[in-house]
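Take the sequence shown: its letter number 91 is residue 97 in the numbering used here, and every next letter is one higher.
All C-beta atoms, glycine included, are put in the ideal place defined by N, C-alpha and C.
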Amino acid sequence: MKIFNIDLRVWLPRLALAGALAGGYVLLVKLGWLPLNALETMFAFGEQFRAELPKYGALAPLVYIALYALQIVIAPLPGAALAYTAGYLFGPIPAAIYSITGILIGSALGFLLARRFGMPLIEKMALRSWIERWRSLSAVNSSFTWFLLMLAPTADVFYFLLRG
């Protein structure tokens with residue numbers, strides 16, 4: 007059976023496996039068998055960000071937008087912590103507007119980097135085996151596949167450079 011040109015017989019088992027793995031991970035974390043270091047680091051960053059941002063006064067929204075745009079291009083910046091903190095500091099509606107603005111600016115920056123540097127930049131930054139794997143994935147013209155790839159926790163700019 008196909009929906010939107012997607013063969014569900016292929017994707018449903020994969021989605022079920024992904025859901026089972028995610029659920030298993032959450033269960034192991036809840037039981038205390040896996041550390042929360044990544045989440046603890048992310049929320050520690052959020053707390054530090056929440057303490058520092060008000061010091062910029064009226065420029066705080068612009069600082070937030072700039073940082074949120076950078077987190078699109080630079081993977082180590084925790085975007086979830088930034089968004090969480092912005093909701094706390096600015097309120098949900100302004101935070102959503104600032105976040106969307108940052109995403110648009112970061113995406114435009116990613117597209118500009120892709121257009122300017124393209125594959126030579128990726129070849130300097132990544133392993134050859136990684137590049138070949140992504141090259142084969144980039145040949146896929148399935149919207150559903152690209153939707154799933156965009157859910158992966160990586161720097162968004164790599165997708166722009168690969169597809170650019």
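In the DSSP assignment, Leu73 falls within the alpha helix (DSSP H) that extends over 66-79.
Taking the C-beta atoms as reference points, Tyr94 is found no nearer than 8 Å to Ile71. Around the C-beta of Phe153, fewer than 16 other C-beta atoms lie within 10 Å, and the residue is accordingly described as exposed. A contact is defined here as three or more CB-CB pairs under 8 Å, and the stretch 23-30 fails this definition with respect to the stretch 52-67. It is roughly 10 Å from the alpha-carbon of Ala75 to the alpha-carbon of Gly116. The alpha-carbon of Phe123 is positioned some 25 Å away from that of Ile106. Taking all protein chains in view, the Cβ of Ala89 is crowded by 16 or more other Cβ atoms within 10 Å, so the residue is classified as buried.
Taking the C-beta atoms as reference points, Val79 is found nearer than 8 Å to Gly112. Nearest in C-alpha terms to Leu157, of all of Ser135, Arg15, Ala24, is Ala24. DSSP places Gly85 inside the alpha helix (DSSP H), whose first and last residues are 85-96. When rounded, the separation of the alpha-carbon atoms in Arg139 and Leu68 is 38 Å. One Cα belongs to Lys130, the other to Ala114, and the distance between them is close to 22 Å.
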